[in-house]
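Each number in the working numbering comes from the position in the sequence shown (counting from 1) with 15 added on.
Glycine included, C-beta positions come from ideal geometry on N, C-alpha and C.
The structure displayed is predicted, hence computed values, not measured ones.
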Amino acid sequence: MADHAESLAPATQLVALGREPRTPGGQVGAPLVLTSTYHAGGAEGYIRDGNPTWTALEEAIGALEEGEALVLGAGMAAVTAALSLLPHGGVVVASPIGYMGTTTMLRERAAEGALELRIVDTTDVEAVEAALEGADQLWLESPTNPMMELADLPRLCAAARAAGVVTVVDNTFATPLRQRPLTLGADIVLHSGTKYIAGHSDVLLGVLATRADEAGRALRARLAKYRHDVGAVAGPMEAWLALRGLRTLAVRLDRAEANARVIADRLATHTGVARVRYPGSGAMLAFDTVGDGARAERVCESTRLWVHSTSLGAVESQIERRRRYVTEPELVPETLIRLSVGIEDVEDLWRDLAQALDTLL
Ligand SMILES: *Cc1c(COP(=O)(O)O)cnc(C)c1O
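What follows is the structure in structure tokens.
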């Protein structure tokens, strides 16, 4: 890593890290290295061991998270890698609400007896503290998908540390520009790089980050071994595209967040909206419509500019009613619509959303 990396502001780290060293005539951008094998005698022998394009992306994201990063083939590969640290029958404390892929996997593995799941409301510090006794991992999202609820990360991470429990924080929604869980006491940070980091709805990628100390490096070595053994690796092209996307994360997020604030304020005054769920920063928000799920679904079908699709964190604005999925827990209202606000002109976004909401009146 460039030795001045830590002194740079995040918006600069995004642009400058992972760049090739200054060599007269040398290329500036990170190389896209497409090879499955390496000449013998170096640190890496085979593609599952490592790749220079991953390393460039890891350098940038590691600095942003104030730790050390590992890129993987998907956010779910990162989830699976973190769960691979558990002993058989290990105890996981987690919220009933969260990214559906993660909560579903936890419930399925608990049903199989591979782990024990303690479901608690992670907005309630005392409830989490009471569940930590004898646990192995605490899984947190803040804000939660799709309810946009916040968890008190410093208090929860401290309680977990005191109980000898490893804390995993899914930081996909906040991005390292709005929240750095390792600095708040988390042991492992997880991202779906598919979302804000890559940012253009064209890549599948995952990221893990751990602290740059002895305990963090020990965790990272186990996670890297999992990546290697399972082949949960990122394609070099995907890593390269994610690094290209990362370069503009600060401007994308600033613009999307400014748009999200305007949309949240205007939604609050619309008579078709019963409740707005916006934590005050970031570009994800949710709202509950008046009426029933079918009418909320019609809102999603009535937009023209907002893309009616799953996923989030891209340049284009996306809209989705989460209970359209049978695996989304019943705690999520039928009428909850999730918005991933993009970087378009906010007046165009509002006009389109308002005409779709008018179908409720
Ligand atoms: C999308 C997502 C994941 C899973 O990531 P993939 O890249 O789709 O495998 C995990 N957590 C959150 C919060 C997500 O939005």
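- For Gly200 against Thr182, the beta-carbon gap comes to about 7 Å, under 8 Å, which counts as contact.
- For Ala150, there is no enclosing alpha helix (DSSP H), as DSSP marks it with neither H nor E.
- Put simply, the backbone Cα of Val245 is about 9 Å away from that of Ala92.
- The beta carbon of Ala150 sits closer than 6 Å to those of Val106, Val108, Val180, all from its chain and outside the five residues before and after it, given in chain order.
- Gly297 places its beta carbon less than 7 Å from that of Arg193.
- Just so you know, the alpha carbons of Ala275 and Gly357 end up roughly 8 Å apart.
- Contact between Ala213 and Gly260 holds, with the beta-carbon distance rounding to 4 Å and staying under 8 Å.
- Leaving aside the five residues that flank Asp202 on each side, the residues in its chain whose CB is nearer than 6 Å to its CB run, in chain order, Val181, Thr182.
- Per DSSP, Glu253 is one residue of the alpha helix (DSSP H) stretching across 251-261.
- In this structure Gln152 is buried. Its beta-carbon is surrounded by 16 or more other beta-carbon atoms within 10 angstroms.
- When the beta-carbon positions are compared, Val222 and Ile76 come within less than 7 Å of each other.
- Taking a C-beta distance under 7 Å as the contact criterion, Val322 and Glu316 do not qualify as a contact pair.
- For Gly357, the shortest separation between its Cβ and any heavy atom of ligand 1 does not lie below 6 Å.
- Its Cα nearest to that of Tyr53, the residue Asp64 stands out among Ser207, Arg242, Asp64, Ala45.
- Within the stretch 288-359, the beta strand (DSSP E) runs of at least 3 residues that lie entirely inside it are, in chain order, 288-292, 299-304, 333-336, 351-355.
- Taking C-beta separations shorter than 7 Å and ignoring five residues to either side along the sequence, the partners of Arg237 in its chain run Leu100, following chain order.
- Taking a C-beta distance under 7 Å as the contact criterion, Leu376 and Leu258 do not qualify as a contact pair.
- Non-local beta-carbon contacts of Arg235 in its own chain, meaning distances under 7 Å to residues more than five positions away in sequence, involve Glu83, Leu85, Thr225 in chain order.
- Secondary structure note for Ile278: its alpha helix (DSSP H) is the uninterrupted segment 264-283.
- In this structure, Arg336 lies near Ala311, with their beta-carbon atoms less than 7 Å apart.
- Residue state for Leu72 is assigned as helix, using DSSP reduced to three classes.
- Beta-bridge pairing by DSSP links Tyr114 to no other residue.
- Looking only at Leu197, Ala55, Ala249, the smallest Cα-Cα distance to Gly231 is reached by Leu197.
- Of all alpha-carbon atoms in Gln28, Gln42, Gly60, Val30, the one lying nearest the alpha-carbon of His243 is that of Gly60.
- Burial is judged here by how many other beta carbons sit within 10 angstroms of a residue's own beta carbon; Tyr340 has fewer than 16 and is exposed.
- Boundaries cannot be given for Val248, as no beta strand (DSSP E) includes it and DSSP labels it neither H nor E.
- Shown here for Ala227: same chain residues with a beta carbon closer than 7 Å to its own, the five before and five after excluded, namely Gly82, Glu83 in chain order.
- The continuous stretches of alpha helix (DSSP H) do not include Val43, and DSSP gives it neither H nor E.
- Counting C-beta atoms within 10 angstroms of its own C-beta, Gly41 has fewer than 16 neighbours from the protein chains shown and is therefore classed as exposed.
- Judged by DSSP secondary structure, Asp367 falls within the alpha helix (DSSP H) whose first and last residues are 361-372.
- Under the Cβ criterion (8 Å, minimum of three pairs), the stretch 31-47 does not count as touching the stretch 169-178.
- Put simply, of Thr27, Ala145, Pro46 the residue whose alpha carbon is nearest the alpha carbon of Glu35 is Pro46.
- Note on geometry: alpha-carbon atoms of Ala89 and Val291 lie some 30 Å from one another.
- 7 Å or more divides the Cβ of Thr286 from the Cβ of Thr350.
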